[in-house]
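Below you'll find the structure, written out as structure tokens, and then a few comments.
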Amino acid sequence: MSTLSRDQVRTMMGEVLATQGKELPADDSTRLDAIGFRSLDFSELALRVEDELDTELNFDAPELRSIETVSDVLDFVDQLQQA
Amino acid sequence: MSQPAGAGNRIVTSRYDGTWAGLPGWPELPSAAAVLVADNTDAVRAVWQHVTDGDRETLIATATRVEDEQAEGFRADGLAVVRGDVVQPATAQRAADGGRVWLLTSGSTGRPKQVAHTLDSLTTVAGDQPARTWLCPYATGAYAWWQVVTLSLSLPGQDVVFVEPSQLDEWPQLALEHGVTAASGTPTFWRQALWRAGDVVAQLKLEQITLGGEPVDQAILDRLREVFPDARISWIYASSEAGAAIAVHDGRAGFPQAWLDRETAGRPRLSVADGELVIASQKAAEGMAPAIRTGDRVEIVDGRVLITGRIASDEINVGGSKASASSVRRVLLDHPDVVWAAVRGRKAPLVGNMVVADVVLRDGAEADTARLQAFCAERLPDYSVPRRMRVLPEIPIKETLKSDV
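Residue numbers (full-length UniProt numbering), protein chains in the order written: chain A, 1 to 83; chain B, 1 to 405.
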């Protein structure tokens, strides 16, 4: 399976926000609730990643509950691709 | 047996051009037979044999719709299976149930089921009708196909031009050549025709346009009215199980709310239970409940009862919120650049499912998926906005002429 770089996932995250007229801040420690990145947005990002990799990922991992910042999202997608 | 009133009507298939009465006979056809046909020529021959013999039991379906296992089931039920010159006798012997016509349902809920009709229960148009040449693009042996066939058999002046699945792309030309003045098709069929061959379609001298088989939206009715300002445009609600139950000719989507719970002699009784259309009809297939739950969801808006989609497939659970696929589709079709849309749920983390859509855009469209999402976001709750959208190069069309919506 090919993998997506952290930057590529970050770009996708920015695209999800851009369709709602929002911008992804440069600081990865920004909290998701501060930029209005909600569960629907995370789900959309997940589908974008799956489409890009052309594979279904297991998003049911326990780490999913502790995602609070932009960095958490990027880490999580990173981990998924390693699994 | 005396010949039906429409025996002299002209029928045109890819291999035959003549009257019903002029069709070559098929005397060796077993009296109880499932005729699995390659094309409409064999199908109309089987119909004519059924009509003229009087005491036959017949099932007609396109061979490609019937798997071997199902064909074996027909044989075990006492029907010989006929494919061209090859006849497989029934494995259970019994006398033919004279006059019975078996139909396979469209199979939108799984494998096609068998329902029993007679030519009488399949004949729903009576009285004087203007002379017309009909186009019949429906899947051979389907309920809508039989509607056109029985119309032509029972009323003089109702000629039919049959379209094979392989001719679906060129039907407007075929219709022009044969002087078609009336055509019946699904909304998907009409949408595809106007999108792909609008110029040729507009040259047809259509006096009657009929839509059925799928929910009809206002946009396609308006577009047809624009192209054919003088045609009578009808929407028919019918199913193999319930028969033809609703006919609307006012060019508006849905039917008047006043028709609900009304008792009219000879007409089906329509009602709504838990958001589902329920029909009690004398034209229903044999063995149906007195009131048939159709599985179609309805919504009442401004005094009209709109059929919005199948209950089983319409609801998409997005994180506990219920998105309606048909409502999302309606919004997409309201966009001037969208000629076709299909909406479904897709498995997604955190929320269980997300709404996704496939669309076909008109030539020269300015919209892209981001603009369409924004358009939806202005009109729908956020959980209903399609988060992934594909633009397809053309409208996908199935043998049933219905789209996967």
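Heads up, the beta-carbon is just placed ideally off N, CA and C, and yes, glycines get one too.
(request) Kindly say whether S71/A, judged by its beta-carbon, lies nearer than 7 Å to any beta-carbon of chain B. (result) no
(request) State yes or no: is the beta carbon of S43/A nearer than 7 Å to at least one beta carbon in chain B? (result) yes
(message) From the DSSP secondary-structure annotation, give me the bridge partner or partners of Y237/B.
(response) I246/B
(request) Return the CA-CA distance between H249/B and S234/B, expressed in angstroms with no decimal places. (result) 4 Å
(request) On a CA-only basis, which of A197/B, H117/B, I60/B is nearest N40/B? Give me that one, please. (result) I60/B
(message) DSSP three-state label for W340/B, please.
(response) strand
(request) Pick helix, strand or coil for S184/B, following the three-state DSSP scheme. (result) strand
(request) Give me the Cα-Cα distance between S2/B and D230/B, rounded to the nearest whole angstrom. (result) 38 Å
(message) Against chain B, does A46/A count as a neighbour if the rule is that its beta carbon must be under 7 Å from one of theirs?
(response) yes
(message) Under 8 Å: do the stretch 114-130 of chain B and the stretch 291-309 of chain B share three or more Cβ pairs, one atom per stretch?
(response) no
(request) Measure the CB-CB distance between V101/B and C136/B and report whether it falls below 7 Å. (result) no
(request) Would you tell me roughly how many angstroms separate the C-alpha atoms of R132/B and P268/B, rounded to the nearest one? (result) 27 Å
(request) Quick one: grab the DSSP three-state call for E28/B. (result) coil
(request) Provide the residue span of the alpha helix (DSSP H) that contains F76/A, from first to last. (result) 70-82
(request) Go ahead and pull the three-state DSSP assignment for W20/B. (result) coil
(request) For G8/B, collect the residues of the same chain with a Cβ closer than 6 Å to its Cβ; drop the 5 residues on either side in sequence, then sort them by chain order. (result) T19
(request) Report the rounded CA-to-CA distance for A341/B versus G127/B, giving the unit in angstroms. (result) 38 Å
(request) Taking only beta-carbon positions, decide if Q82/A is within less than 7 Å of chain B. (result) no
(request) Establish whether the CB of I11/B and some CB of chain A are separated by less than 7 Å. (result) no
(request) Report buried or exposed for R191/B, applying the criterion of at least 16 other Cβ atoms within 10 angstroms of its Cβ. (result) buried
(message) Tell me the rounded alpha-carbon separation between R297/B and V391/B.
(response) 27 Å
(message) Could you check whether V9/A and V77/A sit closer than 7 Å to each other, using their CB atoms as the reference points?
(response) yes
(request) Have a look at the DSSP bridge pairing and note the partners of W134/B. (result) V160/B, A182/B
(message) Taking only three categories from DSSP, how would you classify M12/A?
(response) helix
(message) What does the alpha-carbon distance come out to for the pair V216/B and I300/B?
(response) 14 Å
(message) Could you compute how far the alpha carbon of V405/B sits from the alpha carbon of T118/B?
(response) Per-residue confidence for V405/B stands at a pLDDT of 41, beneath the threshold of 50, marking its modelled position as unreliable; the derived number appears in the next sentence. Cα to Cα, V405/B sits roughly 31 Å from T118/B.
(message) Please tell me whether P386/B has its Cβ less than 7 Å away from any Cβ of chain A.
(response) no
(request) Tell me Q114/B's beta-bridge partners as DSSP assigns them. (result) L104/B
(request) Report yes or no: is there a C-beta of chain A within less than 7 Å of the C-beta of P349/B? (result) yes
(request) Helix, strand or coil for I397/B, going by three-state DSSP, please let me know. (result) coil
(request) Using a Cβ-Cβ cut-off of 7 Å, state whether T55/A counts as contacting chain B. (result) no
(request) Under 7 Å Cβ to Cβ from S239/B, same chain only, skipping five residues before and after it: list those, please. (result) Y143, T294
(message) I need the straight-line Cα distance from E226/B to L80/A, nearest angstrom please.
(response) 53 Å
(request) Determine the direct distance from the alpha carbon of Q70/B to that of L270/B, and round the result to whole angstroms. (result) 33 Å
(message) Using only CA atoms, which one of S2/A, D28/A, G21/A, T19/A lies nearest to V73/A?
(response) D28/A
(message) For V385/B and V359/B, which I take to be in contact (beta-carbon distance under 8 Å), what is that distance rounded to the nearest angstrom?
(response) That belief does not hold up - the Cβ atoms of V385/B and V359/B are roughly 14 Å apart, past 8 Å.
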